[in-house]
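Numbering-wise, this note's numbering puts 106 at position 24 of the sequence shown, and it's gapless, one number per residue. Even glycine gets a Cβ: it sits at the ideal position worked out from N, Cα and C.
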Amino acid sequence: MIAPDPGTATARLDRMIHEASVIVPFTGAGISTECGIPDFRSPGGLWTRHAPIPFDEFLASQEARNESWRRRFAMNSQFGEARPGRGHRALASLYRAGKVPAVITQNIDNLHQASGFASEHVVELHGNTTYAFCLDCETRYELSWVRERMEAGNGCAPDCRACGGYIKTATISFGQAMPEDAMRRARELTLSCNLFLAIGSSLVVWPAAGFPMLAKRNGARLVIINREPTEFDALADLVVHQDIGTALEPFIAH
Ligand code: NAD
Ligand code: ZN
C-alpha cells in the first residue's frame, strides 16, 4: 500500500492498536537512532564506515578479534549512555497494558529491557552487545573485564580464563548460526498475534526479515513504520513513512 499522510496514518494506527488483542512488535536499528545509536544502512550509518567482520574472520585471526573489540569499545559511549527513546517507551506502555506479550528485536542495544520489558519478554534475534560470552564454554564476561585485559595486554583481545576459548560480545555476526531458541520463540509470537508492527528495519537481513510476511500470511494485520520504503510495503495493511519517535509518541502512557 501507499503511505497515507501523517494525520491519517496516526488515526489508522490508533484504530488498529485499539482493535487488536495481541500485538507483536518487531524492531530494528531505526527505533534506536534517536537514542544516539547509528543504524547500519542510513547515510552516515555504521556500514558507510566499516564493513562488518564476518564470524569466520573473527575465528580465524587474533587481529580480527582485536579489531572487533576495538570497534566495540569505540561505540561504548553510544551504547553505554543510550536511554530508551519514544518508540521504546510506547511499546513498553502497550506491554504494561497487556496488549504486547513480548517484543522481537534485531537490536543488540538492550534498550527494550531498559524501557521496562522483562528480559524474558525480549526475543533477541541478533543477541546483545552489552555483555560477552566464551564461544566454547559459554562463561559470561563483562565488557569492563575485557577492556582492562586489552589495555593491560597491548590491545590483544583476551581468551577465556576457564577454557582458552575466544571471547565475543553476545551478538550474532554475519555467518554465525542464528540462536535456535530465539528463532523458535519469534516464530511462535508471530503466529500468535493479530497485529504485527515492523518498526525501524530495512527488512533486508534474513532470516529476520521473514517474520512480517509470516504474520501476514497467518492472517494478522501488518503495519510497517520506517522512514524509507521497504520491499514489504506492498504487503502491509498500513505503511507509516515517518520518524518512529513522532509516530509512536501518542502511544506512550503517562
Ligand atoms: P537497518 O540499518 O538496515 O535499517 C534501519 C531502518 O530504520 C532504515 O531503513 C532507516 O531508514 C530507518 N530509520 C532510521 N532511523 C529512523 C527514524 N528515526 N524513524 C524512522 N525510520 C528510521 O537496520 P536493521 O534492519 O535493524 O538491520 C541492521 C542490523 O544491524 C540488525 O540486524 C541489528 O542486529 C544491527 N544493528 C543494531 C543496532 C542497535 O542495536 N541499535 C544498531 C545498528 C545495527
Ligand atoms: Zn571458555
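Limits of the alpha helix (DSSP H) - the one that residue i falls within
i	result
GLU233	225 to 234
THR90	88 to 101
LYS298	292 to 299
ALA239	Counting along the chain, ALA239 falls outside any alpha helix (DSSP H), and DSSP gives it neither H nor E.
ILE326	326 to 330
ALA142	137 to 142
Residue i - DSSP class collapsed to helix/strand/coil
i	result
THR115	helix
ASN189	coil
LEU320	strand
ASP315	helix
ILE307	strand
GLU149	helix
GLU206	strand
ARG168	helix
PHE161	helix
LEU285	coil
ARG154	helix
ALA302	coil
ALA259	coil
ARG178	helix
SER108	According to the sequence displayed, residue 108 carries Phe and not Ser. In the structure shown, PHE108 sits in a strand (DSSP, three-state: E or B).
ALA196	helix
8 Å contact criterion, which residue i and residue j should meet: CB distance rounded
i	j	result
GLU313	LEU296	With 8 Å as the limit, GLU313 and LEU296 do not qualify as a contact, their Cβ atoms being about 15 Å apart.
LEU277	LYS298	At roughly 11 Å, the Cβ-Cβ gap does not stay under 8 Å, so LEU277 and LYS298 are not in contact.
ALA252	CYS275	Their Cβ separation, rounded to whole angstroms, is 27 Å, which puts ALA252 and CYS275 out of contact at 8 Å.
ILE254	PRO240	21 Å between Cβ atoms; not a contact.
ILE135	SER150	5 Å
ALA290	GLN188	5 Å
VAL228	ALA214	6 Å
CB contact below 8 Å: residue i versus chain D
i	result
MET98	Judged by its chain identifiers, the structure shown contains no chain D, having just a single protein chain.
Straight-line gap, residue i to residue j (C-alpha atoms, nearest Å)
i	j	result
LEU304	GLN144	44 Å
GLU310	ALA280	13 Å
GLU206	ASP87	32 Å
ALA184	TYR177	7 Å
ALA244	ILE306	45 Å
ILE119	LYS181	27 Å
ARG168	PHE108	15 Å
ASP218	ALA259	14 Å
THR115	ALA133	19 Å
HIS336	GLN324	22 Å
GLY110	ASN236	35 Å
PRO261	HIS208	8 Å
THR211	ILE334	27 Å
ASN300	ARG267	16 Å
CYS238	ARG222	19 Å
Endpoints, beta strand (DSSP E) assigned at residue i
i	result
ASN210	209 to 216
THR272	Here THR272 belongs to no beta strand (DSSP E); instead the alpha helix (DSSP H) covers 262 to 274.
ALA335	Unbroken run through ALA335: none, as it is neither H nor E.
THR251	249 to 253
Margin query: Which residues neighbour the ligand ZN when neighbourhood means a C-beta less than 6 Å away from any of its non-hydrogen atoms? List them by chain order.
Written below: CYS216, ASP218, CYS219, THR221, CYS242, ALA244, CYS245, GLY247
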